[in-house]
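This note's numbering numbers the first residue of the sequence shown as 60 and each following residue consecutively.
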Amino acid sequence: MKVFWIILISLFAFCLLLSFFLYLIIFFRGKKKTPPPEPIRGKDFDPYAEQMRGVIKAAVSIPFEEVTVRSREGILLYGRLYVTRPGRPFHLQFNGYRSSGIRDFAGGLRMALDLGDNVLLVDQRAHGQSGGHTISFGVRERFDVLTWCRFLLERFGLGTPLYVEGISMGGATVLFAAGEDLPPEVRGIFADCPFSDPVQIISDVMRKLIGFSRPLLPFVSLGALLFGHFRLSSIRATDTVKRTRVPIQIVHGTADNFVPCSMSRDVRDANPDSVSLFEVEGAPHGLSFLVDAEGYRRTFRSFLEAAGHPDFTAKSQAPQKPSVWGPTSAQSVKSSNPTAEKELSI
């Protein structure tokens with residue numbers, strides 16, 4: 060009997076340690092670090108390094124105001140606010156896994172500002188200059204989308220058109236948010252190379268890195284639950300988009316070796332009446348904007364037209380009912396530029 064208990068306790072300890080190890084590798088952000096605004100390295104990305112470096116350098120030079128809000132759990136979330144003109148629509152942009160807003164959305168920032176619109180460029184929780192230690196692959200981050208929407212509406216007024224956009228894990232975040240009670244000011248959702256299922260994308264990446272994943276997945280989920288306090292399998296974009304009330308546009312490269320394009324096809328097929336998909340032939344992960352800039356811009360403008368952007372429709376779509384949003388624990392930090400709250404000179 061004693062041997063039995065020794066074996067049982069040993070197995071329990073092994074499972075716990077393995078789950079904790081996988082949590083640290085996949086979900087944990089230790090010492091707060093801000094990734095340098097440099098292009099991602101790798102065989103898929105190196106051919107576009109100079110283009111990416113130029114786009115990022117241009118984005119970094121644009122003046123902005125630093126703003127913060129508190130998440131539902133009290134985590135301090137950081138964003139860069141670009142105000143061209145009060146009253147113009149806002150684009151909320153969410154970065155990908157272990158990256159930052161300014162690196163992932165350097166091109167998207169410029170595209171929105173060129174329209175004369177305003178932008179809130181977000182560092183997701185446990186990324187960049189935001190606080191938090193756990194990356195939950197969009198499971199919890201989707202509620203941060205609502206928090207940032209509330210912040211903008213409180214500061215700039217109810218009725219301000221909002222467009223919610225994300226890339227990679229940020230794309231999954233905004234697709235998951237589509238199933239929540241978004242304010243009526245949210246006119247549309249734009250997702251670039253999103254994954255549809257947190258469990259499946261982790262399984263796919265593990266299989267590519269170490270050759271197998273199935274035996275480890277229960278321990279990945281256990282680590283997320285015990286140490287990250289979230290259930291990894293609790294959400295899928297193929298379910299959340301069925302509850303959307305706004306148009307959704309997805310862009311995905313066919314040469315994406317990280318998030319398969321098939322995931323975006325599954326999301327589109329789950330609600331073809333509301334979800335559109337633009338596939339960019341030969342584009343690696345997150346680089347559709349560089350591979351087919353003209354097609355990307357055309358798709359983005361078509362999305363804005365379908366989503367009631369005032370510049371692309373004869374009559375903008377007004378919210379069907381007024382927002383009723385409670386106060387946030389939002390706070391503005393000193394502007395990085397004394398003219399940040401005035402019109403930007405673009």
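Virtual Cβ for every residue (Gly too), placed ideally from N, Cα, C.
Could you tell me the alpha carbon to alpha carbon distance between residue i and residue j, rounded to whole angstroms?
i, j, result
"ALA236", "GLU224", "11 Å"
"ILE309", "GLY146", "27 Å"
"ARG144", "ARG273", "51 Å"
"GLY133", "GLU200", "13 Å"
"ARG112", "SER292", "36 Å"
"GLY406", "PHE348", "Examination of residue 406 is not possible in this model, given that the chain is present from 60 through 405 alone."
"PRO306", "VAL334", "6 Å"
"GLN376", "VAL233", "Bear in mind that the predicted position of GLN376 carries a pLDDT of just 46, short of 50, making it too unreliable to give a figure here."
"LEU276", "SER262", "7 Å"
"ASP203", "PHE87", "18 Å"
"ALA283", "TYR82", "6 Å"
"LYS61", "SER78", "26 Å"
"ASP163", "HIS192", "20 Å"
"SER69", "SER361", "59 Å"
"HIS288", "THR372", "44 Å"
"MET322", "ILE85", "20 Å"
"ILE260", "LEU268", "12 Å"
"PHE317", "ALA72", "33 Å"
"GLU125", "THR206", "16 Å"
"PHE63", "ASP315", "49 Å"
"CYS74", "GLY270", "21 Å"
"ARG214", "PHE278", "43 Å"
"ILE65", "ARG157", "40 Å"
Output needed for residue i: all residues of its chain with C-beta closer than 6 Å, excluding positions within five of it in sequence on either side, in chain order.
i, result
"ASN330", "VAL300 and LYS301"
"GLY238", "THR299 and ARG302"
"ALA117", "none"
"PHE359", "none"
"MET265", "SER272"
"ALA165", "VAL114, ILE115 and ALA118"
"GLY155", "ASP163, ILE226, SER227, MET228 and GLY229"
"LEU67", "none"
"ASP251", "ILE226, GLY230 and VAL310"
Could you please give the first and the last residue of the uninterrupted beta strand (DSSP E) stretch that includes residue i?
i, result
"PHE149", "149–153"
"THR127", "124–129"
"VAL142", "Here VAL142 belongs to no beta strand (DSSP E), and DSSP marks it neither H nor E."
"VAL223", "221–226"
"GLY270", "Note, GLY270: premise wrong, no beta strand (DSSP E); not H, not E."
"ASP251", "245–251"
"VAL62", "Where VAL62 is concerned, there is no enclosing beta strand (DSSP E), although the alpha helix (DSSP H) it sits in stretches over 61–85."
How would you write the range of the alpha helix (DSSP H) that residue i sits in, first residue to last?
i, result
"ILE194", "Note, ILE194: premise wrong, no alpha helix (DSSP H); not H, not E."
"ALA366", "Neither: ALA366 is in no alpha helix (DSSP H) and is coded neither H nor E."
"ARG324", "320–329"
"ARG209", "200–215"
"GLY287", "Where GLY287 is concerned, there is no enclosing alpha helix (DSSP H), given that its DSSP letter is neither H nor E."
"GLU109", "108–119"
"ASP240", "No alpha helix (DSSP H) contains ASP240, which DSSP labels as neither H nor E."
"ILE161", "160–163"
Going along the chain, which residues of its own chain have a beta-carbon closer than 7 Å to the beta-carbon of residue i, five neighbours each way excluded?
i, result
"ALA108", "PRO98"
"VAL50", "Coverage of the chain is limited to positions 60 through 405, which leaves residue 50 absent and any answer about it impossible."
"ARG324", "LEU336"
"ALA171", "HIS150 and VAL178"
"GLU338", "HIS311, THR313 and CYS320"
"VAL326", "LEU234, SER255, ALA296, THR297, VAL300, ILE309 and VAL334"
"ASP240", "none"
Of all the options the options, which has the alpha carbon lying nearest to the alpha carbon of residue i?
i, options, result
"ILE194", "GLY216, ASN177 and GLY229", "GLY229"
"CYS208", "PRO319, LEU140 and VAL279", "LEU140"
"LEU168", "ILE66, LEU180 and GLY155", "LEU180"
"LEU174", "PHE149, GLY187 and GLN188", "PHE149"
"ARG290", "GLN110, PHE73, GLY197 and ALA352", "GLY197"
"PRO122", "GLN110, ARG131, VAL142 and ILE115", "VAL142"
"LEU217", "ALA231, SER227 and PRO242", "PRO242"
"ARG131", "GLY190, ASN154, GLY89 and ILE115", "GLY190"
"LEU76", "GLU353, LEU285 and TYR355", "LEU285"
"GLN152", "LEU221, PHE73, SER361 and ARG214", "LEU221"
"SER159", "LEU172, LEU67, ALA352 and GLY187", "GLY187"
"GLN183", "ALA231, ALA171 and ASN316", "ALA231"
"ASP370", "ARG304, GLY354 and ASP176", "ASP176"
"ASP18", "THR206, ARG304 and PHE80", "In this structure the chain extends from 60 to 405, so residue 18 is not present and cannot be described."
"ALA185", "LYS90, GLN110 and ASP240", "LYS90"
"ASP351", "PHE278, ASP328 and GLN110", "GLN110"
Under a CB-based cut-off of 8 Å, is residue i close to chain B?
i, result
"SER292", "The structure shown contains no chain B; it is built from a single protein chain."
Would the C-beta of residue i count as close to the ligand GTP, meaning under 7 Å from any of its heavy atoms?
i, result
"VAL258", "Absence of the ligand GTP from the depicted structure is noted, as is the absence of any ligand whatsoever, leaving it without description."
Quick check: the stretch 243–258 against the stretch 361–374, are at least 3 beta-carbon pairs closer than 8 Å? yes
Do three or more CB pairs link the stretch 343–357 to the stretch 102–118 at distances below 8 Å? yes
Take every Cβ of the stretch 252–261, pair it with every Cβ of the stretch 288–297, and state whether three or more of those distances are shorter than 8 Å. yes
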